[in-house]
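Asker: Following this message is one structure expressed as structure tokens.
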Amino acid sequence: TETAKALWFVYLSMTVSCAILYKYFGMSWFDAVCHAFSTISIGGFSTHDDSFSFFKESSLRWTAVVFMLIAGINFALHYVAWTKKRLLHYFYDTEVKFYLSIILVIFSLTIFALARSDVNFNGSTNIVVESAFQVVSIATTTGFLTSDYSSWPLFVPFLLLSGGFIGACAGSTGGGIKVIRAAILLRQGTGEITKLIHPNAVVAIKLGSRPINSRVAESVWGFFSIYVISFMLLLFALLATGLDFTSAFSAIGACLNNLGPGLGEVSANYSSVTNAGKGILAFGMILGRLEIFTV
329 TETAKALWFV
339 YLSMTVSCAI
349 LYKYFGMSWF
359 DAVCHAFSTI
369 SIGGFSTHDD
379 SFSFFKESSL
389 RWTAVVFMLI
399 AGINFALHYV
409 AWTKKRLLHY
419 FYDTEVKFYL
429 SIILVIFSLT
439 IFALARSDVN
449 FNGSTNIVVE
459 SAFQVVSIAT
469 TTGFLTSDYS
479 SWPLFVPFLL
489 LSGGFIGACA
499 GSTGGGIKVI
509 RAAILLRQGT
519 GEITKLIHPN
529 AVVAIKLGSR
539 PINSRVAESV
549 WGFFSIYVIS
559 FMLLLFALLA
569 TGLDFTSAFS
579 AIGACLNNLG
589 PGLGEVSANY
599 SSVTNAGKGI
609 LAFGMILGRL
619 EIFTV
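Residue numbers (the numbering used here): 329 to 623.
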């Protein structure tokens, strides 16, 4: 009970801090409070139809980027930081380092792709701001938009969507399969390759300096296999309603990972999806939020 109270206190403290900064940089109090809750909860809802693109100040977008990144980290780490007044433990956590590395790689590739494209951002500074905001928003499954990222070179939207499949850290408010699971899958995959090259080698799967129990690795692979099967079944069902492949693929990915915006016909909203399709996507959102095993 005490831990739950402390986590609520951390959550509300982060939300209040975010709201104050939003207000300081130009939002009304109503917009600031609503967007602060939406940012820290990684919800992505806005009080405006234009989402975050309604606000033109770069300071507001950088504030959102910082708090989306923070909200995507395990809240247990925030609890430790708050109670023990220690910040360095963030940099020792394997999941956080992997999480930040994924976002940095996606951001670098996005900048490179957009710089070589004919998309007009009115200056190199805006390329950085737009790229950073959209990368963090999609990769953490928040879903705020500052521009129609689906109109960017096709490589970029699918790259961002791939980041959304991984999502945020375990114990955060984000969706996706979670960074810790992706890290375990990667570690075990590289371990299996090592065993193929060196059949007699004893390869321990580790996260940082801690070995991973084989039962944990098996459960992660079990989750991932059911996740892929669920994704494919939902995709085929949505394709059967008449939606094109790009829209259907991104819609299932967005709903199963609790992201929001997709590509193609569902880049702005889901009004063009049939009633049967909306039912399929609603079920996908429930699967994603409860993480499949629960259902």
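From the three backbone atoms N, C-alpha and C, an ideal C-beta is built for every residue, glycine too. Source: prediction; values computed, not measured.
#1: Could you tell me which of Ser445, Phe426 and Val463 sits nearest to Ser436, measuring between CA atoms?
#2: Which same chain residues, not among the five before or five after Gly519, have their C-beta less than 7 Å away from its C-beta?
#3: If you compare alpha carbons, which of Ile620, Leu618 and Ala568 is closest to Lys606?
#4: Which term fits Lys631, buried or exposed, when burial requires 16 or more other beta carbons within 10 angstroms of its beta carbon?
#5: DSSP puts Pro539 in a beta bridge; with which residues?
#6: For Thr574, report the span of its alpha helix (DSSP H) as first-last.
#7: Note down, in chain order, each residue of its chain lying with its Cβ closer than 8 Å to the Cβ of Arg509, except the 5 sequence neighbours on either side.
#8: Suppose the cutoff is 7 Å on Cβ atoms and the five residues either side in sequence are ignored; what does the same chain contact list for Val447 look like?
#9: Going by C-alpha distance, which of Gly354, Arg414, Gly581 and Ala545 is nearest Ile557?
#10: Near Tyr427, what residues of its chain come up, given a Cβ to Cβ distance below 8 Å and the 5 sequence neighbours on each side ignored?
#11: Please say whether Cys346 and Phe395 have beta carbons closer to each other than 8 Å?
#12: Kindly indicate which three-state DSSP category Met477 falls into: helix, strand or coil?
#13: Within 10 Å of its beta-carbon, does Ile525 have 16 or more other beta-carbons around it, so buried, or fewer, so exposed?
#14: Please determine, among Phe461, Leu513 and Tyr555, the residue with the shortest C-alpha to C-alpha distance to Leu535.
#15: Go to Leu397, then tell me how far its alpha helix (DSSP H) extends in each direction, as first and last residue.
#16: Measure how close the beta-carbons of Thr474 and Ser381 come, nearest whole angstrom, since I'm counting them as under 8 Å.
#17: Residues in its own chain within less than 8 Å of Gly491 by CB, not counting five upstream and five downstream?
#18: So, with DSSP's three-state summary, where would you put Glu619?
#19: Alpha carbon to alpha carbon, how far is Glu593 from Phe573? Give it in angstroms, no decimals.
#20: Just the C-alpha distance for Val361 and Asp377, rounded to the nearest angstrom, thanks.
Answerer: Answer, in terms of the structure:
#1: Sequence index remark: in the sequence shown, residue 436 carries index 108 (1-based). Distance from the Cα of Ser436 is smallest, within the candidate group Ser445, Phe426 and Val463, for Val463.
#2: The sequence position of residue 519 within the sequence shown is 191, counting from 1. Around Gly519: Val531 and Ile533.
#3: Looking up residue 606 in the sequence shown gives position 278. Per the Cα distances, Ala568.
#4: Any question about residue 631 goes unanswered here, given that the chain covers just 329 to 623.
#5: Taking the sequence shown and counting its residues from 1, one reaches residue 539 at position 211. Answer is Lys534, bridged to Pro539.
#6: Taking the first residue of the sequence shown as 1, we reach residue 574 at position 246. Phe573 to Leu584 is the extent of the alpha helix (DSSP H) around Thr574.
#7: Counting from 1 along the sequence shown, the entry for residue 509 is found at position 181. Hits under 8 Å: Ala498, Val548, Phe551 and Phe552.
#8: Translated into the one-based positions of the sequence shown, residue 447 becomes position 119. Hits under 7 Å: Trp480.
#9: In the sequence shown, the residue the question calls residue 557 occupies position 229. Among Gly354, Arg414, Gly581 and Ala545, the Cα nearest to that of Ile557 is on Gly581.
#10: What you label residue 427 is simply residue 99 of the sequence shown in a count that begins at 1. Closer than 8 Å at the Cβ level, and outside the excluded window around Tyr427, lie Gly400, Ile401, Ala496, Cys497 and Val507.
#11: Working through the sequence shown from its first residue, we reach residue 395 at position 67. Working through the sequence shown from its first residue, we reach residue 346 at position 18. Contact flag set, yes.
#12: The residue you call residue 477 lines up with position 149 of the sequence shown. The sequence shown places Tyr at residue 477, rather than the Met named in the question. Three-state DSSP puts Tyr477 in a helix.
#13: By one-based count along the sequence shown, residue 525 stands at place 197. Ile525 is exposed by the Cβ-count criterion.
#14: Sequence index remark: in the sequence shown, residue 535 carries index 207 (1-based). Answer by Cα proximity: Leu513.
#15: Looking up residue 397 in the sequence shown gives position 69. For Leu397, the enclosing alpha helix (DSSP H) starts and ends at Ser386 to Ala399.
#16: Against the sequence shown, residue 474 aligns to sequence position 146. Against the sequence shown, residue 381 aligns to sequence position 53. The C-beta separation of Thr474 from Ser381 comes to about 5 Å, placing the pair in contact by the 8 Å criterion.
#17: Counted from its first residue, the sequence shown places residue 491 at position 163. So the qualifying residues of the chain are Ile430, Ile431, Ile434, Val463, Ile466 and Ala467.
#18: Locating residue 619 in the sequence shown gives position 291, where the first residue counts as 1. In the structure shown, Glu619 sits in coil (DSSP, three-state: anything other than H, G, I, E or B).
#19: As a working mapping, residue 573 is identified with position 245 in the sequence shown. As a working mapping, residue 593 is identified with position 265 in the sequence shown. Those two C-alpha atoms are separated by around 10 Å.
#20: Translated into the one-based positions of the sequence shown, residue 361 becomes position 33. Translated into the one-based positions of the sequence shown, residue 377 becomes position 49. So the alpha carbons of these two residues sit roughly 17 Å apart.
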